[in-house]
Each structure stands twice: as structure tokens, then as C-alpha cells.
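Number of protein chains: 2
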Amino acid sequence: MSETATAKTVTAAILVIGDEILSGRTKDQNIGFIADYLTGVGIDLKEVRIVPDIEEEIVNAVNALRRRYTYLFTTGGIGPTHDDITADSVAKAMGVSIGVDERAVELLLTRLKREDLNEARLRMCRIPAGADLVTNPISAAPGFKIGNVIVMAGVPRIMQAMLANVVETLETGAKMLSETLEAGLPEGAYAKGLEEVDKKYGDVSIGSYPHFNTSGGGFKNQIVLRSKDPASLAAATADVVKMLADLKAQLGVS
Amino acid sequence: MSETATAKTVTAAILVIGDEILSGRTKDQNIGFIADYLTGVGIDLKEVRIVPDIEEEIVNAVNALRRRYTYLFTTGGIGPTHDDITADSVAKAMGVSIGVDERAVELLLTRLKREDLNEARLRMCRIPAGADLVTNPISAAPGFKIGNVIVMAGVPRIMQAMLANVVETLETGAKMLSETLEAGLPEGAYAKGLEEVDKKYGDVSIGSYPHFNTSGGGFKNQIVLRSKDPASLAAATADVVKMLADLKAQLGVS
Numbered sequence: 397m398s399e400t401a402t403a404k405t406v407t408a409a410i411l412v413i414g415d416e417i418l419s420g421r422t423k424d425q426n427i428g429f430i431a432d433y434l435t436g437v438g439i440d441l442k443e444v445r446i447v448p449d450i451e452e453e454i455v456n457a458v459n460a461l462r463r464r465y466t467y468l469f470t471t472g473g474i475g476p477t478h479d480d481i482t483a484d485s486v487a488k489a490m491g492v493s494i495g496v497d498e499r500a501v502e503l504l505l506t507r508l509k510r511e512d513l514n515e516a517r518l519r520m521c522r523i524p525a526g527a528d529l530v531t532n533p534i535s536a537a538p539g540f541k542i543g544n545v546i547v548m549a550g551v552p553r554i555m556q557a558m559l560a561n562v563v564e565t566l567e568t569g570a571k572m573l574s575e576t577l578e579a580g581l582p583e584g585a586y587a588k589g590l591e592e593v594d595k596k597y598g599d600v601s602i603g604s605y606p607h608f609n610t611s612g613g614g615f616k617n618q619i620v621l622r623s624k625d626p627a628s629l630a631a632a633t634a635d636v637v638k639m640l641a642d643l644k645a646q647l648g649v650s
Numbered sequence: 397m398s399e400t401a402t403a404k405t406v407t408a409a410i411l412v413i414g415d416e417i418l419s420g421r422t423k424d425q426n427i428g429f430i431a432d433y434l435t436g437v438g439i440d441l442k443e444v445r446i447v448p449d450i451e452e453e454i455v456n457a458v459n460a461l462r463r464r465y466t467y468l469f470t471t472g473g474i475g476p477t478h479d480d481i482t483a484d485s486v487a488k489a490m491g492v493s494i495g496v497d498e499r500a501v502e503l504l505l506t507r508l509k510r511e512d513l514n515e516a517r518l519r520m521c522r523i524p525a526g527a528d529l530v531t532n533p534i535s536a537a538p539g540f541k542i543g544n545v546i547v548m549a550g551v552p553r554i555m556q557a558m559l560a561n562v563v564e565t566l567e568t569g570a571k572m573l574s575e576t577l578e579a580g581l582p583e584g585a586y587a588k589g590l591e592e593v594d595k596k597y598g599d600v601s602i603g604s605y606p607h608f609n610t611s612g613g614g615f616k617n618q619i620v621l622r623s624k625d626p627a628s629l630a631a632a633t634a635d636v637v638k639m640l641a642d643l644k645a646q647l648g649v650s
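Those sequence lines, one after another, are chains A and B. Read left to right, the first sequence gives residues 397 to 650 (this note's numbering). Read left to right, the second sequence gives residues 397 to 650 (this note's numbering).
So this is what it looks like as C-alpha cells:
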């Protein structure tokens with residue numbers, strides 16, 4: 397990972413490609429994983445889209461997202477079957493040619509006999525001109541990086557290996573730091589006080605998240621503070637802690 | 397649910413609103429649930445987007461999606477805290493006014509004393525002009541439906557109750573039917589045969605999905621056929637079954 401200045405912001409989007417996610421047949425496991433991973437290395441995930449296996453939809457989404465963010469990560473649609481159209485769609489979006497890439501053929505030949513390298517398997521070797529391959533230790537078929545677009549497999553295990561490999565080559569920015577507080581009060585009781593802290597610190601974003609405790613106790617609320625500046629984060633967190641304590645004293649809640 | 401002609405297509409998009417999903421802090425559980433639910437009632441989910449708690453992002457996504465699909469479902473951002481800006485953003489996108497809705501106030505007063513109905517809690521009663529409320533039995537605060545946009549909570553348990561209530565009022569189309577086959581062969585072996593069946597049936601979409609079997613056996617592949625026409629689905633499924641059997645005989649695979 398390259399060294400970067402503390403204040404630098406590096407952004408990303410994810411494009412999930414696949415009818416199976418939209419039909420509900422497959423439950424996506426990649427968005428949450430990539431979100432955690434990028435947060436951990438200092439890349440800010442700003443948008444996610446899920447589109448079907450339709451070339452025009454993929455091309456339009458790739459172009460909208462790659463132009464807007466530092467990086468675009470795609471998942472899905474790079475296998476050997478007719479519905480795997482991601483590589484061709486990305487080439488079309490970028491305006492580059494695509495064909496069978498000898499580097500990818502060599503990778504497949506480490507696992508397959510040459511006589512088994514049929515037309516379908518060669519489809520997995522179709523790589524846009526000018527792309528770098530993104531390898532993985534689980535399957536022979538590579539993903540690729542072209543410009544700021546990183547194309548990865550949809551199978552979580554393979555995607556995760558590709559992500560770990562490719563992130564090493566990317567720019568990263570200042571890491572987002574966070575603090576989580578258990579509110580111990582209803583959101584409606586502390587919302588005003590929380591907004592005041594939020595307004596005081598321009599470089600801290602504060603969210604309040606209710607969740608239903610299925611093991612009893614009904615709703616619990618967590619307050620999450622996020623900032624790239626440790627001093628601001630600490631100060632805002634102290635303000636929220638004090639606000640909650642004052643409010644509990646006032647309401648007679650322990 | 398209204399009766400509809402067999403061939404009718406009703407489409408939808410989902411817009412997930414929330415920094416906590418993009419940061420990885422919260423793993424979305426709503427997309428997969430809504431996808432399954434809509435597929436089950438005959439509404440075709442065509443696109444999903446996840447955006448942060450930023451008004452301009454929400455407004456732009458709401459307008460892009462509501463204009464393109466029969467329905468747009470949003471999740472998240474309708475609580476009492478400062479980061480809950482969905483209702484105001486949807487009102488802005490639709491070009492309508494927004495204010496405290498007396499119907500929503502009445503709902504909250506079934507759970508709260510009037511003296512506890514502070515400014516923050518009244519925020520949950522801000523409903524765009526002309527919207528219908530979408531109630532739920534778990535929390536008092538309602539979602540709403542305005543035009544073709546349905547605004548729901550982010551907490552899965554509440555969202556699910558709102559979805560069940562609102563779907564009763566929506567148009568639905570012909571249900572997508574599906575058949576799933578265990579391939580028992582590598583994708584690269586059957587890709588050509590599968591593409592031929594796919595081309596033969598214009599009204600059947602066929603996908604091939606590898607998944608890694610963590611309990612051993614490596615990758616397994618499933619073939620999923622989807623159509624709204626039962627006869628086409630049955631014919632295409634029979635063709636794929638025969639194609640796989642012929643291939644296994646040819647390759648000497650049992």
C-alpha cells in the first residue's frame with residue numbers, strides 16, 4: 397500500500413453484477429466484506445449498485461461510477477458461461493478492445509490440460525486491452541484492473557483473495573476512525589443533544605442506529621461517531637458521553 | 397393484491413440509505429429479503445443502489461430510480477435523529493412540501509405521552525404532502541408511500557412489517573418461475589451446450605452459479621432457469637437435463 401498524506405481522501409464504489417442477486421436466489425456476501433475491508437485500509441466507500449446481466453446496464457453503471465470515484469470494484473460475471481458478460485461490458489464502457497489474453501491462458505494451463513481449453517474456458521481469458529491481471533490462489537481464472545476499474549469474481553472466497561491482492565497496488569487515504577457508544581436511552585430523548593454535537597464538529601459524522609434485541613429488552617440504540625481526525629473524534633465522543641450522562645441524570649435513568 | 401394479466405411486468409428498484417452500510421458497520425439484511433419477497437409476489441427487482449446520508453445523493457437516486465421502474469422501495473433514515481433525512485429528501489425529489497402530519501402524530505400518541513412528543517420525535521411525523529402512511533405493528537413511527545415511492549424503516553423487523561402491509565396495495569405482475577439443477581460437471585464443460593439452450597428459448601433466462609462447498613468437494617455448479625411461462629420453462633429445463641446427461645455419458649462421468 398502506498399504511503400499517503402494524512403488528509404488525503406480516496407473514494408470507491410462497488411458494482412455488483414448478477415440476476416441471481418436481484419431475484420433473491422443468492423444473498424450477496426460481498427458488499428459488507430468489501431465495505432469493511434476498504435474502511436480498514438483508508439478507502440471511503442461512497443456508493444453501491446446492483447444491476448442485472450444486461451450489457452447496457454453494466455456499461456452505464458460502470459461509466460457513471462468510474463468517473464465519479466477513485467476506484468470502482470465490480471463483482472460477478474467473469475465465468476465461462478453465456479451469462480458472464482462483465483469483461484466484454486467493461487471493455488465496451490472503457491472504449492478498448494478485448495480478446496483472449498495469453499497471460500490468462502497460461503494461468504488456466506496451470507490447472508487444465510490444453511485439450512480441455514475449449515471455447516467456453518477461453519471466455520475466462522478474455523481481458524480488455526491494457527488491463528493488469530488480478531490473480532487468486534483458489535481458481536485459475538483471473539480478474540483484472542483496467543484504469544480505475546477492478547473486476548473481481550462473484551464467489552466470495554475468490555473475490556476476497558482477489559481483493560487482498562489488488563488492494564496492495566492501490567492508493568489509500570487517511571483511515572476513518574470510529575467510536576461506538578451504547579446510548580441507554582430512546583433516540584427521541586437524545587436526538588436534540590446529539591444534533592448539537594454533530595453541528596459543533598464539522599469533521600465528525602455522527603449516526604444513531606436502533607436495533608431490535610431479539611434476546612429481550614426491545615430496541616437498543618448505538619451512537620457511532622466517525623472522523624479521520626483523532627483529536628476531533630475524541631472531543632466529540634466526550635461531548636456525547638457528557639450529554640448522555642446529563643440527560644440520564646435529568647430523566648432519573650441509571 | 398390486485399389481479400393482473402399473465403404477461404404483465406411490474407418492476408422495482410431498492411434504494412438503501414445509510415452511511416452505516418457503506419462503512420461496513422451494519423451488514424444490510426434488507427436487500428435479500430425484499431428481493432425474495434418481490435419475486436414471490438410477481439414484482440421484478442431490476443436495480444439496487446446504496447447511498448450515504450447526503451440529501452443531494454438521495455434526491456438524485458430517488459429521481460433516477462422512481463422514473464425508471466414501476467416502484468421504488470427505500471430503506472433507512474426515517475428515525476428521530478439529525479442523520480434521518482429520507483422523508484425531507486424524498487419530498488424534495490418529488491417537488492412536494494413536507495410538514496408534521498397529524499395522522500402520524502396520532503400514531504405516536506398511542507405509544508407516547510403528549511409531553512414526551514418533543515421536536516425530535518415530531519421529526520418522525522414529517523410526511524410529504526399527499527403521501528399515504530405505511531404502518532407497522534412494531535414501532536409507532538410510520539413509513540409512507542408517495543406516488544410510486546415507498547419509504548420504509550431500516551431496522552429489518554420493522555421494514556419487513558411495512559413491506560408486508562404496503563405490498564397489499566401494489567400492482568403485481570406474472571410471477572417469475574424457476575428451476576434449479578445441480579450440474580455435476582465443471583462450468584467450462586457445459587457452457588457451450590447451455591448457451592445453445594439459452595438461445596433457443598427467448599423467454600427463459602438461464603444462469604450458471606458456482607459456489608464453493610466448504611464442507612468438502614470444492615466447487616459445485618447450479619444451473620438456474622427462470623421464466624414467466626411454465627411451458628417454456630419446462631421445455632428448456634428438459635433440454636438442459638438432456639444436454640447434461642449426454643455430456644456426462646460422453647465424458648464417462650456418472
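No residue lacks a Cβ here, since even glycine has one placed at the ideal position from N, Cα and C. Here the structure is a predicted model, which means the values were calculated and not measured.
Check, Outcome
"Between A:Val636 and chain B, is there a C-beta pair that is closer than 9 Å?", "no"
"Give the list of continuous alpha helix (DSSP H) stretches no shorter than 4 residues that lie fully inside the stretch 401-454 of chain B.", "415-418 and 426-437"
"For B:Ser601, return the contacting residues in chain A, with the cut-off set at a CB-CB distance below 7 Å.", "Asp415"
"Can you grab the Cα-Cα spacing for the pair A:Ser419 / A:Val649, in whole Å?", "47 Å"
"Does the CB of A:Gly539 have a neighbour CB from chain B at under 9 Å?", "no"
"Beta-carbon separation of A:Gly473 and A:Ile454 under 9 Å?", "yes"
"Mind checking A:Glu399: buried by the 16 CB within 10 Å criterion, or exposed?", "Its pLDDT being 42, under 50, A:Glu399 is placed unreliably by the model, and the measurement read from it follows with that caveat. Answer is exposed; the Cβ neighbour count stays below 16."
"Specify the secondary structure class of A:Ile546 as computed by DSSP and reduced to three states.", "strand"
"For A:Asp635, which three-state DSSP category applies?", "helix"
"Compute the Euclidean distance between the alpha carbons of A:Asn426 and A:Ile439, then round it to the nearest angstrom.", "16 Å"
"Touch check for the stretch 488-501 of chain B and the stretch 517-524 of chain B: three-plus C-beta pairs under 8 Å?", "yes"
"Considering only the alpha carbon of each residue, which of A:Gly543, A:Asp480 and A:Ile534 lies closest to A:Met490?", "A:Gly543"
"Tell me whether A:Gly550 is buried or exposed, calling it buried when 16 or more other Cβ atoms sit within 10 Å of its Cβ.", "buried"
"I'd like to check one pair, B:Ile410 with B:Asp449: are the Cβ atoms closer than 9 Å?", "no"
"Counting Cβ pairs, one atom from each stretch, are 3 or more of them under 8 Å apart for the stretch 616-635 of chain B and the stretch 598-608 of chain B?", "yes"
"9 Å is my cut-off, CB to CB: does A:Phe615 come that close to chain B?", "yes"
"Please classify A:Ser611 as buried or exposed, where buried requires at least 16 other C-beta atoms within 10 Å of its C-beta.", "exposed"
"Is it buried or exposed for B:Val406, if we count other Cβ within 10 angstroms and need 16 for buried?", "buried"
"Against chain B, which members of the stretch 499-517 of chain A pass a CB distance test of less than 7 Å?", "Asn514, Glu515, Ala516 and Arg517"
"Report the residues of the stretch 550-572 of chain B with a CB closer than 9 Å to any CB of chain A, ordered along the chain.", "Gly550, Val551, Pro552, Arg553, Ile554 and Met572"
"If you reduce the DSSP assignment to three classes, tell me which class B:Glu399 lands in.", "Per-residue confidence for B:Glu399 stands at a pLDDT of 42, beneath the threshold of 50, marking its modelled position as unreliable; no derived number is given."
"Could you check whether B:Tyr465 and B:Glu443 sit closer than 9 Å to each other, using their CB atoms as the reference points?", "yes"
"Using CA atoms only, rank isn't needed, just tell me which of B:Ala631, B:Ala641 and B:Ala537 is closest to B:Glu502.", "B:Ala537"
"For a quick check, are the C-beta atoms of B:Phe540 and B:Ala457 less than 9 Å apart?", "no"
"Counting along the chain, where does the beta strand (DSSP E) carrying B:Val562 start and finish?", "Note, B:Val562: premise wrong, no beta strand (DSSP E); alpha helix (DSSP H) at Pro552 to Val563."
"Output yes or no for whether 9 Å exceeds the beta carbon distance between A:Lys404 and A:Glu575.", "no"
"Does the Cβ-Cβ distance between B:Asn514 and A:Gly584 come in under 9 Å?", "yes"
"What residues from chain A crowd round B:Ser604, counting only those whose CB sits closer than 9 Å?", "Gly475, Pro476, Thr477, His478, Asp479 and Asp480"
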